[in-house]
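Counting in this note's numbering, the sequence shown runs from 8 upward without gaps.
Backbone N, C-alpha and C define an ideal beta-carbon position, used for all residues, glycine too.
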Amino acid sequence: MLTVRMDFESFVDFWAPLEGSDGPYAEYVRTLSPQAKAVLQDKVRLAYVDGEADGPRSYAATAWVVKGNVPI
8 MLTVRMDFES FVDFWAPLEG SDGPYAEYVR TLSPQAKAVL QDKVRLAYVD
58 GEADGPRSYA ATAWVVKGNV PI
């Protein structure tokens with residue numbers, strides 16, 4: 008397993024990659040209608056702030072990694 012910290016300055020910083028073009032989450036968000044995207048953004052914002060003021064947050068992200076050797 009590989010774990011990294013992902014630090015965000017604000018919800019806008021957290022949401023920005025979802026407005027991009029890389030990764031499965033951004034690909035999904037691009038398929039949404041403007042209304043559905045706004046609903047998703049509002050729900051994610053509520054989870055991000057979790058009753059606190061908007062501001063810096065730090066999350067851990069863990070992934071399984073595999074290293075292999077290609078036979079020659």
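How would you write the range of the beta strand (DSSP E) that residue i sits in, first residue to last?
i: ALA43; result: Not the beta strand (DSSP E): ALA43 falls in the alpha helix (DSSP H), residues 41-56.
i: MET13; result: 9-15
Run through the DSSP bridge pairs and tell me what residue i is partnered with.
i: THR38; result: In the DSSP output, where bridge partners are listed per residue, THR38 has none listed.
What residue range is occupied by the uninterrupted alpha helix (DSSP H) comprising residue i?
i: VAL19; result: 18-22
Look up residue i in the DSSP assignment and say whether it is helix, strand or coil.
i: ALA67; result: strand
i: PRO78; result: coil
i: GLU59; result: coil
i: GLY30; result: helix
Could you tell me how far apart the beta carbons of residue i and residue j are, in whole angstroms, since I believe they sit closer than 8 Å?
i: LEU9; j: VAL73; result: Incorrect: roughly 10 Å between the Cβ atoms, too far for contact.
i: SER17; j: GLY62; result: 6 Å
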